[in-house]
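What follows is a set of notes on a single structure, which appears directly below.
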Amino acid sequence: MAAPGTPSPSTPEAAGAVSGGGEREPKKLPELIRLKRDGGHLSEADIRDFVQAVMDGSAQDTQIGAMLMAIRLQGMDPEETSVLTQALADSGQQLEWPKAWHQQLVDKHSTGGVGDKVSLVLAPALAACGCKVPMISGRGLGHTGGTLDKLESIPGFNVTQSPEQVQILRLLEEVGCCIVGQSEKLVPADGILYAARDVTATVDSVPLITASILSKKVVEGLSTLVVDVKFGGAAVFPDQEQARELANTLVRAGVGLGLRVAAALTAMDSPLGRSVGHTLEVEEALLCLDGAGPPDLRDLVIRLGGAILWLSGLAETQDQGVARVAAALDNGSALRRFQLMLSAQGVEPGLARALCSGSPAQRRQLLPHAREQEELLAPADGTVENVLALPLARVLHELGAGRSRAGQPIRPGVGAELLVDVGQWLYRGTPWLRVHLDGPALSDQQRRALQGALVLSDRAPFKAPSPFVELVLPPTVVQP
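As structure tokens, this is what we get:
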């Protein structure tokens with residue numbers, strides 16, 4: 001099937017426009033919070049007033065949390081969601097690129113999972129396929145890890161580029177990709193709300209997720225975006241139908257904002273790959289960039305990348321796109337782009353070279369690692385039916401791999417390595433999990449929680465399914 005062409009972007013109402021003439025008396029924040037708390041509709045002016053209060057500091061932390069909770073409980077209609085997205089995007093600098101780059105400008109975003117290091121692999125792989133990938137990423141939310149935290153575990157890696165326009169343009173010209181955070185100039189309002197969502201139990205709000213994801217992508221000036229929407233026991237949405245609702249909302253909102261957005265539904269019951277934790281996931285990403293690594297990680301990388309190349313018109317079919325991304329992993333071109341990205345974003349060139357050319361054992365010595373390790377043993381014989389990601393992530397969070405409050409430092413070496421694969425036979429007493437500790441030993445309660453994550457059955461060994469389930473496309477695109 002021929003690759004879809006670039007859509008004609010629809011033009012949303014001018015940013016910041018307020019209907020009606022003359023001066024308008026803005027509602028006070030308690031009134032806005034009460035309106036949304038009681039299920040009312042927030043006008044464009046109301047939403048922009050709230051975002052402005054977040055930006056100028058007049059909104060107290062408690063008021064921000066209250067509004068987020070009101071939105072979480074009452075939801076937002078498509079108009080409110082679109083306005084919030086645009087208001088967040090308008091809170092900072094808009095990135096601009098040479099017009100000749102438009103078709104090449106692509107990105108991927110994930111709603112967050114356990115062991116999800118896809119961005120670290122996919123961005124350089126897409127760059128090796130001729131794309132420009134200006135990836136604005138976030139930090140960990142709740143029990144899920146953050147791309148920026150993982151990259152910052154590499155000594156010297158700088159996720160803040162200033163001045164953004166100049167530095168990111170240089171990175172895209174020289175490397176083809178970059179992974180940066182939200183600075184005071186890039187979608188700063190969302191940066192504030194993102195951190196607040198992490199500590200106010202409002203992570204799983206469809207309009208807040210949609211506005212957060214798409215506002216960062218609107219300022220990137222993309223042609224194509226694929227969002228990895230995860231569902232399952234360790235995802236923001238346990239239920240696949242809830243995840244599909246978010247996928248459809250993202251796709252519809254993207255059309256309204258002039259973006260070609262598709263959403264992949266992927267399973268997140270067990271960790272992606274075999275490593276969880278910041279430096280451990282960097283090591284596993286490097287394995288995948290070597291053309292090796294866990295099959296489920298590689299499969300998801302090449303499927304998402306193949307969809308991006310096809311939707312942007314850089315591959316004639318999804319299968320052709322998948323083959324191109326796989327080739328970039330196997331021939332070393334994606335790894336070379338990753339090395340260039342590390343050096344361009346602050347990593348000492350010798351260290352970047354050593355990380356990308358060394359053995360796994362050498363890489364471990366070059367990255368921060370935990371002082372102690374503890375292995376857990378299988379309590380019985382059986383086939384590994386599942387390894388539940390959520391209890392694993394919660395224990396690692398307690399051990400210092402996550403945050404309980406915004407801005408809290410993390411311990412990059414804390415993590416866990418799965419020593420087994422879903423579907424394999426396991427004998428009692430065989431080590432199945434290696435925990436990396438950078439502090440006190442595991443408590444009995446933590447050890448019980450981790451052992452409870454291992455689900456054994458008496459059925460025959462089997463091949464674990466791919467985490468990729470389906471691709472939700474814009475209405476103008478036909479599934480091949």
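First residue of the sequence shown? That's 1 in my numbering, and the numbers climb one at a time after it.
The beta carbon of each residue, even a glycine, is placed where N, CA and C say it ideally should be.
query, result
"Do the segment 468-478 and the segment 251-265 meet, that is, are 3 or more Cβ pairs less than 8 angstroms apart?", "yes"
"When DSSP labels each residue in this structure, what does Arg-336 get in the three-state scheme?", "helix"
"Can you give the Cα-Cα distance for Met-135 and Arg-428, rounded to whole angstroms?", "44 angstroms"
"Okay, do the segment 71-82 and the segment 194-208 touch, 3+ Cβ pairs below 8 angstroms being the bar?", "yes"
"In angstroms, rounded to a whole number, what distance separates the CA positions of Leu-122 and Val-325?", "8 angstroms"
"Does DSSP put Asp-77 in a helix, a strand or coil?", "coil"
"Rounded to a whole number of angstroms, what is the C-alpha to C-alpha distance between Leu-377 and Thr-430?", "5 angstroms"
"Please give the ranges of any beta strand (DSSP E) in the segment 182-269, keeping only runs that are unbroken, at least 3 residues long and fully inside the region.", "224-231 and 260-267"
"Between which two residues does the alpha helix (DSSP H) containing Gly-306 stretch?", "295-311"
"Please classify Gly-21: is it buried, with 16 or more other beta-carbons within 10 angstroms of its beta-carbon, or exposed?", "In this prediction, Gly-21 scores a pLDDT of 48, lower than 50, which makes its location untrustworthy; no coordinate-derived value is stated."
"Would you mind working out which of Gln-86, Pro-155 and Gly-92 sits nearest Glu-348, comparing C-alpha positions?", "Pro-155"
"Give a yes or no on whether the C-beta atoms belonging to Gln-182 and Gln-93 are separated by under 8 angstroms.", "no"
"Assign Trp-432 to buried or exposed, taking buried as 16 or more other Cβ atoms, counted over all protein chains shown, within 10 Å of its Cβ.", "buried"
"Can the beta-carbon of Lys-481 be found closer than 8 angstroms to that of Leu-259?", "Because the chain here runs from 1 to 480, residue 481 falls outside it and cannot be looked at."
"Taking Ala-416 as part of the alpha helix (DSSP H), name the residues at either end of that continuous run.", "Careful: Ala-416 lies outside any alpha helix (DSSP H), inside the beta strand (DSSP E) at 415-418."
"So if DSSP puts Val-180 in a beta bridge, which residue, or which two residues, is it bridged to?", "Ile-136"
"Cβ of Gly-273 within 8 angstroms of Cβ of Glu-284?", "yes"
"Use the C-beta contact count for His-369: other C-beta atoms within 10 angstroms, 16 or more gives buried, fewer gives exposed.", "buried"
"If we count Cβ pairs, one from each stretch, closer than 8 angstroms, do we get three or more for the segment 376-393 versus the segment 264-271?", "yes"
"When burial is assigned at 16 or more other CB atoms within 10 Å of the CB, is Asp-319 buried or exposed?", "exposed"
"Please list, in chain order, all residues of the same chain as His-102 whose beta carbon is under 7 angstroms from its beta carbon, the five residues on each side excluded.", "Ser-223"
"Exposed or buried, which one is Arg-337 when buried takes at least 16 other CB atoms within 10 Å?", "buried"
"Please state if the CB of Pro-409 and the CB of Ser-153 are separated by a distance shorter than 8 angstroms.", "no"
"Tell me which same chain residues have a C-beta within less than 8 angstroms of the C-beta of Thr-160, skipping the five on either side of it?", "Val-180, Gly-181 and Ser-183"
"Closest by CA to Leu-126, which one among Leu-366, Asp-56, Phe-462 and Leu-225?", "Leu-225"
"Leaving out five residues on either side along the sequence, give the residues of the same chain with a beta carbon under 6 angstroms from the beta carbon of Val-229.", "Thr-111, Ala-243, Leu-246, Ala-247, Ala-263 and Leu-265"
"For the candidate residues Pro-26, Leu-120 and Cys-129, whose alpha-carbon lies nearest to that of Phe-157?", "Leu-120"
"Assign Lys-463 to buried or exposed, taking buried as 16 or more other Cβ atoms, counted over all protein chains shown, within 10 Å of its Cβ.", "exposed"
"Could you check if Thr-62 is buried or exposed, using at least 16 other CB atoms within 10 Å of its CB as the buried criterion?", "exposed"
"Enumerate in chain order the residues of its own chain whose CB-to-CB distance from Lys-108 is below 6 angstroms, with the five nearest sequence positions on each side excluded.", "Leu-122, Val-226 and Leu-304"
"Checking 8 angstroms against the spacing of the C-beta atoms, do Arg-434 and Glu-375 come in under that value?", "yes"
"In angstroms, rounded to a whole number, what distance separates the CA positions of Gly-313 and Gln-104?", "9 angstroms"
"Among all the DSSP beta bridges, which residues are the ones paired with Arg-434?", "Glu-375 and Glu-417"
"Mind checking whether Lys-28 and Asp-46 have CB atoms under 8 angstroms apart?", "no"
"Alpha carbon to alpha carbon, how far is Lys-185 from Leu-95?", "10 angstroms"
"Quick check on Asp-212: buried or exposed, where buried means 16 or more other Cβ atoms within 10 Å of its Cβ?", "Correcting the residue identity first, residue 212 is Ser in this sequence and not Asp. Classification of Ser-212: buried, given that the 10 Å Cβ count is 16 or more."
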